[in-house]
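Quick notes on the structure that follows.
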Amino acid sequence: MLELKNVNTYYGNIQALRDVSLTVRDGEIATLIGANGAGKSTTLMTICGINRPASGEILWNGQPVSGMAPHEIVRLGISQAPEGRLIFPDLSVMENLELGAFPRKDKAAVKKDLDYVFSLFPILAQLIRQT
Ligand SMILES: Nc1ncnc2c1ncn2[C@@H]1O[C@H](COP(=O)(O)OP(=O)(O)OP(=O)(O)O)[C@@H](O)[C@H]1O
Ligand SMILES: [Mg+2]
11 MLELKNVNTY YGNIQALRDV SLTVRDGEIA TLIGANGAGK STTLMTICGI
61 NRPASGEILW NGQPVSGMAP HEIVRLGISQ APEGRLIFPD LSVMENLELG
111 AFPRKDKAAV KKDLDYVFSL FPILAQLIRQ T
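Using our numbering, read the sequence shown as starting at 11 and increasing by one per residue.
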């Protein structure tokens, strides 16, 4: 479960998030909707530790994550799939796929997930060495 409690985030003097509170329970899909500049991206970046909240709490399964480094937050299981199909153009298709599993130690399960991805998108298996 992910909880935000009265989160406030600033860019310098500009307050981008004002007392944002939300709860996403296990198994739920939540959608953040708002006008341009409403603070959707800032909310995600604050959850992921890229932006630091000035005040408020972010809890993952009851444990505070605000103040943790982004790479530590990723290891807890909180990650973003970048919009606009952003990938690393200098890396191969395989390397881009492997990056998604970077923090995982369960290599056999990673291999299984890769096979599942290749079953969804068979063309990828033919292009693994291509950038
Ligand atoms: N790097 C930044 N420096 C200063 N202000 C910023 C910065 N990024 C965003 N803002 C401001 O913070 C507010 C929230 O922006 P944010 O990008 O989170 O909105 P958004 O809901 O994701 O918008 P969009 O629908 O355009 O993606 C806006 O007022 C925006 O101008
Ligand atoms: Mg945005």
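For every residue, glycine included, the Cβ atom is placed at its ideal position computed from N, Cα and C.
Cβ-based burial, residue i [other Cβ within 10 Å; buried from 16]
| i | result |
| --- | --- |
| G87 | exposed |
| V127 | exposed |
| P99 | exposed |
| S76 | buried |
| G34 | Reading off the sequence shown, one finds Val at residue 34, where the question assumed Gly. Flag for V34 reads exposed. |
| N16 | exposed |
| N71 | exposed |
| G44 | exposed |
| P63 | buried |
Expected contact under 8 Å - CB spacing of residue i and residue j to nearest Å
| i | j | result |
| --- | --- | --- |
| P74 | I83 | Not confirmed; about 11 Å, so no contact. |
| L32 | L14 | 5 Å |
| L109 | T141 | Rounded, the Cβ-Cβ distance is 14 Å, inconsistent with contact. |
| S65 | N18 | 5 Å |
Heavy atom of ligand 1 within 7 Å of residue i beta-carbon
| i | result |
| --- | --- |
| A40 | no |
| Y21 | yes |
| I68 | no |
| G47 | yes |
| A135 | no |
| G87 | no |
Where the beta strand (DSSP E) through residue i begins and ends
| i | result |
| --- | --- |
| K115 | From DSSP, K115 is part of no beta strand (DSSP E); its letter is neither H nor E. |
First and last residue of the uninterrupted alpha helix (DSSP H) at residue i
| i | result |
| --- | --- |
| I60 | No alpha helix (DSSP H) contains I60, which DSSP labels as neither H nor E. |
| V103 | 103-109 |
| A135 | 132-136 |
| P80 | 80-86 |
Beta bridge counterpart(s) of residue i as assigned by DSSP
| i | result |
| --- | --- |
| T52 | Per DSSP, none; premise fails for T52. |
| S65 | N18 |
| V30 | V17 |
| Q73 | W70 |
| I24 | Y21 |
Check: residue i C-beta below 7 Å from any heavy atom of ligand 2
| i | result |
| --- | --- |
| K50 | yes |
is_contact[residue i, chain B] using C-beta, thresh 8 Å
| i | result |
| --- | --- |
| N71 | Of the chains in the structure shown, none is chain B; there is only one protein chain. |
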